[in-house]
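Novice: Chains A and B, in that order, are what the protein sequence lines are. Taking UniProt numbering, the leading residue of the first sequence gets 1, the next gets one more, and so forth. Taking UniProt numbering, the leading residue of the second sequence gets 1, the next gets one more, and so forth. The C-beta atom is built at its ideal place from N, Cα and C for all residues, glycine as well.
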Amino acid sequence: MRSVRNVTGRAVRTAGLLASAAALAFAGGVAGAGAAVADSPSPSASPSDGGDAAKGPTEAGTSFRTATPFALDQRATASASTGDYLYWVLPVDAGQQVTVKAKVTLPESARHGAATWQLDVYDGLRRRQACRYGVQTRAAAQDAATVELSCALRTVRGWAEQWSNDPLPGDYYVRLTAVGVPAEDLGQPVQAEVQASANDAGGAQAVDGKLSAPLVPGAGSPTPEPQPSASAEQQAADGAPDGGWSAGWWSDRWVWTAVGGVLAALAGIGGYRLTRGSGRPAHLPPGV
Amino acid sequence: MITRTITKRISRRRLAAGVCGLLAAMAVTLSPTPAAAGEPTPGTAPGAAPKVELTLDVSGSMRARDIDGQSRMAAAKQAFNEVLDAVPKDVQLGIRTLGATYPGNDRQVGCTDTKLLYPVGPLDRNEAKTAVATLVPTGWTPIGPALQAAAKDLKGGDGQRRIVLITDGEDTCQPLDPCQVARDIAAQGIHLTVDTLGLLPDAKTRSQLSCIAEATGGTYTSIQHTDQLRDRVHQLVDRTARRVTTPVATQGAAQCATAPELKPGLYSDREKFAEHRWYRVDVKPGQELRASVSIGADRAVNDDYGVLLRASTVHGREIVRGAEAGDGRTDVISTGLRYAKSEVDASDDATKDAAETVCLQVSNSFSAGPSVKTEPGLPVELAVDLVDGPHDASDVASFGLGRGWWLLGALLLAGFVGGVVWGWISRWRITVWRTN
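#1: Between VAL125 (chain A) and GLY336 (chain B), which are expected to be in contact by the criterion C-beta below 8 Å, what is the C-beta distance as a whole number of angstroms?
#2: Provide the residue span of the alpha helix (DSSP H) that contains ASN81 (chain B), from first to last.
#3: Using a beta-carbon distance cut-off of less than 7 Å, what residues from the stretch 134–164 of chain A approach chain B?
#4: Relative to the alpha-carbon of VAL109 (chain B), which residue among B:ILE95, B:GLY139 and B:PRO88 has its alpha-carbon at the smallest distance?
#5: Can you tell which of B:GLY409, B:LEU412 and B:GLY377 has the C-alpha that lies nearest to the C-alpha of GLN188 (chain B)?
#6: Within the stretch 154–220 of chain B, note down every full alpha helix (DSSP H) run reaching 4 residues or more, in order along the chain.
#7: CB ASP153 (chain B) to CB LEU192 (chain B), shorter than 8 Å?
#8: Quick one: which chain A residues come within Cβ less than 9 Å of TRP422 (chain B)?
#9: Is the Cβ of GLN205 (chain A) closer than 8 Å to any Cβ of chain B?
#10: How many Å lie between LEU56 (chain B) and ALA75 (chain B) at the Cα?
#11: Buried or exposed: where does PHE416 (chain B) fall if 16 or more other Cβ atoms within 10 Å of its Cβ makes it buried?
#12: Below 8 Å on the Cβ atoms is my guess for GLY180 (chain A) versus ALA115 (chain A); work out the distance and round it to an integer in Å.
#13: Taking only three categories from DSSP, how would you classify THR240 (chain B)?
#14: Just verifying my parser: in three-state terms, what is the DSSP assignment at HIS391 (chain B)?
#15: Kindly indicate which residue of A:SER63, A:ALA265, A:GLY218 and A:GLU193 has the alpha-carbon position closest to the one of LYS55 (chain A).
#16: Going by DSSP, name the residue or residues bridged to ILE295 (chain B).
#17: Across which residues does DSSP place GLY61 (chain A) in a beta bridge pair?
#18: Is there a Cβ from chain B that is less than 8 Å from the Cβ of ASP252 (chain A)?
#19: Under the rule that 16 or more other beta-carbon atoms within 10 Å means buried, what is LEU274 (chain A), buried or exposed?
#20: Which residues in the same chain have their Cβ closer than 8 Å to the Cβ of ALA346 (chain B), if we skip the five residues on either side of it in sequence?
#21: Return the bridge partner residues of LYS115 (chain B) from the DSSP annotation.
#22: Is any non-hydrogen atom of the ligand FMN found closer than 7 Å to the C-beta of CYS179 (chain B), if you look at the structure I gave you?
#23: Is TRP245 (chain A) close to chain B? Criterion is C-beta to C-beta, closer than 8 Å.
#24: Is it buried or exposed, GLY203 (chain A), if we count other Cβ atoms within 10 angstroms and call 16 or more buried?
#25: Using three-state DSSP, classify GLU271 (chain B) as helix, strand or coil.
#26: Considering only residues of the same chain and omitting the five flanking positions on each side of residue 451 (chain B), which have a CB-CB separation below 7 Å?
#27: Give the interface partners of LEU119 (chain A) over in chain B, defined as CB-CB distance under 8 Å, in chain order.
#28: Apart from the five residues just before and just after GLN228 (chain B), which ones in its own chain have a Cβ nearer than 6 Å to its Cβ?
#29: By the DSSP assignment, the alpha helix (DSSP H) with ASP124 (chain B) in it spans what residues?
#30: Under a three-way DSSP split, which group does THR357 (chain B) fall into?
#31: The alpha helix (DSSP H) with THR435 (chain B) in it runs from where to where?
#32: According to DSSP, which residues form a beta bridge with ASP123 (chain A)?
#33: DSSP beta-bridge partners for GLU161 (chain A)?
#34: GLY51 (chain A) to ALA76 (chain A), Cα distance in whole Å?
#35: To which residues of the same chain is LYS204 (chain B) closer than 6 Å at the C-beta, ignoring the five residues directly before and after it?
#36: Please compile the residues from chain B whose C-beta is within a distance smaller than 8 Å of the C-beta of TYR122 (chain A).
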């Protein structure tokens, strides 16, 4: 939600710079309405405003199938053994630029050498995703206490050609593992945590066209009935982003176009007044 | 304006929270407490109850007093007691021992010494605890036979299955390699994972246990303290209770013509080094095929590897492919593809709705040294999904809307010019009216 508000705010400021007060008020109205309606399809999870990231799941899965779901701006933690492959999954919607961060607290007991840790992100089709920047692989020295990794993903598009590898709305799997450890250090306890945040890419990245269903495994099959025994955390598993998948119609182009329309109208009135004059010629007596 | 939006949002959120709370309360009151008999919870197939078997080494070496000042056996017993208290209700749990009864030196007898201490089924905590209390460290460490027996114990049903193997030493019953045994068990396609825990393991135990874990997609943990043992076993039992989709075993063919036809779902198969397998999926016009494949590295493979998933027509024309390559330590390598079949313009309905058969080819470029066994093949997990086709882009922008300063300038200019012209026209009309 915060993202949409930002876009709106920016658009309002833009309008304020260039248009008259009337245009600003109108644009504000349009933008405000946009924000209010965009409330429901907004993809971003509700962050605990101003506070630390919300507490997420305390477990991790060990494969794509068992990946533990978490949401944006949540901190998912897990206790694990060195060498485990830890999987989480989070829903990402179109227009979001997601950054995934991971932190591993290494065992305190004496270790036998440096360990290399790696963070990989896969999309809902299990295709590995490129990181725009961020340290995806890092070697932790023998005496290091923690190792921190991050990956900034590309902007998620609403639609892409089937031959392209562009990120699409859907589930994103996060895999955290040690890719290089001395054999003696395998199986030692570690604490892992991951966190994902997103900012809105704005309408500049908007594309027309849309997937009929997000890239979520089993999207085509009828949804199984929720089990009464399933905990809240497991229900989040079937998880769409907070507020559901975006309908995909919101873009800041609405604001630009609306402001343009208002400006055109005002300019039209101005031009009309300029050429038409005040109406009646002054020398005519009234009533003629 | 913004304030109003925020207020609206807050009230909406409050409402949502209220509804959630209400639903949760209803769920709590409505969900029948699973009876002590461990009936599977409603909504799940009766055979889908997750099963876990704790397999504990009770060999002579467990006498060593080196875990938190107590013997390994005592530590294990203490951890078991605490774990048994917290087993989730719908998990069926069993306990198997190895080396618990035969103290002698006869290898033949010692290596068959594995006993089902508590059968897999609904858990009676007191009975299970009493059974554990009787254990005395005694004999050999027949890990391989114990794994085989444990896999048999867990037969039946199609839920998740897990063996938690706790040992302090390597297998003493060569030549049966427990690692190979584990791989064979996993290849039976019964969704079984083996998680191994080594109590103060030495180098050989460690490599054997991590090999067993790797072979079945499980995990390996080295245990130094009692509470660590308890937490880990507890975590593993809890994990078993989580519901996951279990794949259906299938067998791909060498050519597309003879390949099995797959409906949307999750499938498992095995594929040898440098082998490829074909599957077929029917895609109707207007549908989108989504397929992803993971190939597991369940043994010591060479450092560089890859996977290729191709969709092609029955005539062999490639439509789209997904490929991935990697290097270094990994559990799986995976890739996926999408294929949207466009609507067909045809007069008769038969041609219009005729499904196209798409051939899916899964190939891998794993390799391994000469000492590595190639049988059974590497585990393959194939997910197939059919959804409605995407709405293609008609324009780069959303709904053809505009954006940017040039747009504003153009609209401003157009509006102004329009106004000026309109003004002139009105002026001209007034003049005409006055002259008449």
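Specialist: Taking the coordinates as given:
#1: For the sequence presented, residue 125 (chain A) should be read as Leu rather than Val. 3 Å between Cβ atoms; contact.
#2: 72–85
#3: TRP159, GLN162 and TRP163
#4: B:GLY139
#5: B:GLY377
#6: 178–187 and 203–216
#7: no
#8: GLY268, GLY271, TYR272, THR275 and ARG276
#9: no
#10: So the two alpha carbons sit approximately 12 Å from each other.
#11: So PHE416 (chain B) counts as buried.
#12: 7 Å
#13: helix
#14: Assigned with DSSP and collapsed to three states, HIS391 (chain B) falls in strand.
#15: Comparing Cα-Cα distances from LYS55 (chain A) to each of A:SER63, A:ALA265, A:GLY218 and A:GLU193, the minimum goes to A:GLU193.
#16: B:ILE333 and B:VAL380
#17: A:TYR87
#18: A Cβ of chain B is located within less than 8 Å of the beta carbon of ASP252 (chain A).
#19: exposed
#20: LYS352
#21: Paired residues: B:THR97.
#22: You won't find the ligand FMN in this model; it holds no ligand whatsoever.
#23: no
#24: buried
#25: strand
#26: In the structure as shown, chain B starts at 1 and stops at 436, and residue 451 (chain B) therefore has no counterpart that could be examined.
#27: The contacting residues do not exist; LEU119 (chain A) stays about 14 Å from chain B at best.
#28: Same-chain partners within the cutoff: there are none.
#29: First-last for ASP124 (chain B): undefined, no H or E at that position.
#30: If DSSP states are grouped into helix, strand and coil, THR357 (chain B) belongs with the strands.
#31: 405–435
#32: The bridge partners DSSP lists for ASP123 (chain A) come to none.
#33: For GLU161 (chain A), which the question treats as bridged, DSSP gives no partner whatsoever.
#34: The predicted model places GLY51 (chain A) with a pLDDT of 42, which falls under 50 and marks its position as unreliable, so this point remains unresolved.
#35: Correct list, in chain order: GLU170.
#36: Ordered by position in chain B, the residues that pass the 8 Å Cβ test against TYR122 (chain A) are SER334.
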